[in-house]
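Student: There's a structure below that I have some questions on.
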Amino acid sequence: MTAEKVEKQRYMVSVYEAKDAPGTFKFTFVPRGLQHERGAGGAPKRVPQHIVQVGGNLENPVFDWSGSPDAPGPAQDELEQIARDRLAALGAWLNRVGDLVGRVEQWGKELGWATRRIEKRLDDSGVGTHRVPALLLQEDTVRVLLEPVSRRASGAEGVVDLYLMPAYDDIASLYFREGNWHVHYMVPGGKAVTTIKETESKPLSKETLAAILQEMKKHGQ
Amino acid sequence: MANETFAWLIRFKEIEREYRATRLATDHLLQSLQTGALDLEGDLKILDINRASERLEGTYIASLFSEFERGLKRFLRAQNLRKIPRYAEHLINRVAARVGIAGDPLQNAHKVRRYRNKLVHHLTEETESFTVRKATSHLCIFFDRLRTAW
Numbered sequence: 613m614t615a616e617k618v619e620k621q622r623y624m625v626s627v628y629e630a631k632d633a634p635g636t637f638k639f640t641f642v643p644r645g646l647q648h649e650r651g652a653g654g655a656p657k658r659v660p661q662h663i664v665q666v667g668g669n670l671e672n673p674v675f676d677w678s679g680s681p682d683a684p685g686p687a688q689d690e691l692e693q694i695a696r697d698r699l700a701a702l703g704a705w706l707n708r709v710g711d712l713v714g715r716v717e718q719w720g721k722e723l724g725w726a727t728r729r730i731e732k733r734l735d736d737s738g739v740g741t742h743r744v745p746a747l748l749l750q751e752d753t754v755r756v757l758l759e760p761v762s763r764r765a766s767g768a769e770g771v772v773d774l775y776l777m778p779a780y781d782d783i784a785s786l787y788f789r790e791g792n793w794h795v796h797y798m799v800p801g802g803k804a805v806t807t808i809k810e811t812e813s814k815p816l817s818k819e820t821l822a823a824i825l826q827e828m829k830k831h832g833q
Numbered sequence: 005m006a007n008e009t010f011a012w013l014i015r016f017k018e019i020e021r022e023y024r025a026t027r028l029a030t031d032h033l034l035q036s037l038q039t040g041a042l043d044l045e046g047d048l049k050i051l052d053i054n055r056a057s058e059r060l061e062g063t064y065i066a067s068l069f070s071e072f073e074r075g076l077k078r079f080l081r082a083q084n085l086r087k088i089p090r091y092a093e094h095l096i097n098r099v100a101a102r103v104g105i106a107g108d109p110l111q112n113a114h115k116v117r118r119y120r121n122k123l124v125h126h127l128t129e130e131t132e133s134f135t136v137r138k139a140t141s142h143l144c145i146f147f148d149r150l151r152t153a154w
């Protein structure tokens, strides 16, 4: 069982990046199991809420509890560790996606495609809403979008999709497994499958990308 | 592609993804009920689940189109237009005239609008039907043209 699952049993955790202070995250912790407790006279007890603002950087966060409605008390270390773990997971995801976008950008340019980075907001209940880079590749009238979709998926530590624009047609999905990105690509006219994940998987390489983009040019023009 | 246009395109695709996730969950639920692997609780009947499943596509097409309309209105406001058309037909035409969209992208946006109207207002008129995928595709192709101005 992952640390994220264990902590979920004790606290409901919500997290978001402050709009006015990028890089600053607000964590709210609500203990589970206290919602239905009633005090004397039958009135529901107010559920404690511990809020911490986390600044600094992802590797070395700084915690500020001054705005918390309820002091964390003895749970402070535990809650700060939860926040640290979540931010570490976010940092790992951002590195993974940043590295992927950088590699595809480089390969795209080498293959003669124009590239452009775009910022995307991604909602994630585990690490909060955050910004990730997406990448547009264009050659003549064919445009392809590399778009991060999820930090977590069944059997994978990240999913990034490849779409043919502007119709937003699904071309391929990239899954991060065992330390590498793997491409699932739906070959036009290939074996019928229900989902793109059922298609044949290949490790991501410049050659794999070149083959997909070449196929897109054939079908997208 | 301008970031504002791009943000709306992403939103349209997210609605399509939500639909696909809900479709998957509903299909699994129906299958579990049919095989007896799951029992319904309370007043819920299998008929209710069937009805929700049958209406799922229409529900998401209405949601998708509503977001599309919101995006068009936001675009016109950003262009400092004083009067924003209330009705979808006029809204689409106003944006098309402003950006210079004609032909298939315009016609297909209207076809999706007519299909949405039929679903929402329970009209009996003959209209072309669309899957959520196809509707997303048509609306994205139209909206993508805004990137030259937004």
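From first to last, the protein sequence lines stand for chains A and B.
In this text, residue positions in the first sequence follow our numbering: the first is 613, and each later residue adds one.
In this text, residue positions in the second sequence follow our numbering: the first is 5, and each later residue adds one.
The beta-carbon is built from N, C-alpha and C at its ideal position, and this holds for glycine as well.
Under 8 angstroms between the Cβ atoms of V103 (chain B) and T152 (chain B)?
Tutor: Taking 8 angstroms as the Cβ cut-off, V103 (chain B) and T152 (chain B) qualify as a contacting pair.
Student: Report the CB separation of V716 (chain A) from L747 (chain A) in whole angstroms; it is logged as a contact under 8 angstroms.
Tutor: That pair is a contact at about 6 angstroms.
Student: Mind checking G770 (chain A): buried by the 16 CB within 10 Å criterion, or exposed?
Tutor: With 16 or more Cβ atoms within 10 Å of its Cβ, G770 (chain A) is classed as buried.
Student: In three-state terms, what does DSSP make of T128 (chain B)?
Tutor: DSSP places T128 (chain B) in coil when its eight states are reduced to three.
Student: What is the residue span of the beta strand (DSSP E) that R743 (chain A) lies within?
Tutor: First-last of the beta strand (DSSP E) with R743 (chain A): 742 to 751.
Student: In chain B, what lies closer than 7 angstroms to A768 (chain A) by C-beta?
Tutor: By Cβ distance, chain B contributes nothing, its closest Cβ being about 16 angstroms from A768 (chain A), past 7 angstroms.
Student: What span of residues does the alpha helix (DSSP H) with T63 (chain B) cover, start to end?
Tutor: That run of the alpha helix (DSSP H) goes 50 to 82.
Student: What do you reckon, are the CB atoms on L3 (chain B) and D148 (chain B) nearer than 8 angstroms?
Tutor: Within the shown structure, residues of chain B are numbered from 5 to 154, placing residue 3 (chain B) beyond reach of any answer.
Student: Using DSSP with H/G/I as helix, E/B as strand and the rest coil, what is E692 (chain A)?
Tutor: In this structure, E692 (chain A) counts as helix in the three-state DSSP scheme.
Student: Looking at the C-beta of K115 (chain B), does it have a partner C-beta in chain A at a distance below 8 angstroms?
Tutor: For K115 (chain B), the answer is no, since every Cβ of chain A falls outside 8 angstroms of its Cβ.
Student: Applying a beta-carbon distance threshold of less than 9 angstroms, which residues of chain A neighbour T243 (chain B)?
Tutor: In the structure as shown, chain B begins at 5 and stops at 154. Residue 243 (chain B) is therefore absent and cannot be evaluated.
Student: Can you tell me the Cα-Cα spacing of M5 (chain B) and M777 (chain A), whole angstroms?
Tutor: Low per-residue confidence applies at M5 (chain B): pLDDT is 45, beneath 50, and the placement is therefore not dependable, though the value from the model is reported in the following sentence. Each residue's alpha carbon lies about 11 angstroms from the other.
Student: What did DSSP end up calling W154 (chain B) once you bin it into helix, strand or coil?
Tutor: Three-state DSSP puts W154 (chain B) in coil, outside helix and strand.
Student: Mind checking which residues open and close the beta strand (DSSP E) that includes T727 (chain A)?
Tutor: Unbroken beta strand (DSSP E) run through T727 (chain A): 726 to 734.
Student: Counting Cβ pairs closer than 8 angstroms, one from the segment 81 to 101 of chain B and one from the segment 36 to 45 of chain B, do we hit at least three?
Tutor: Output reads no: the segment 36 to 45 of chain B does not touch the segment 81 to 101 of chain B.
Student: Between the C-alpha atoms of F69 (chain B) and L34 (chain B), what's the straight-line distance to the nearest angstrom?
Tutor: So the alpha carbons of these two residues sit roughly 27 angstroms apart.
Student: Does DSSP put I663 (chain A) in a helix, in a strand, or in coil?
Tutor: Strand at I663 (chain A).
Student: So, does the segment 815 to 830 of chain A touch the segment 19 to 38 of chain B, judging by three or more C-beta pairs under 8 angstroms?
Tutor: Judged by Cβ distances under 8 angstroms, the segment 815 to 830 of chain A makes no contact with the segment 19 to 38 of chain B, as fewer than three pairs qualify.
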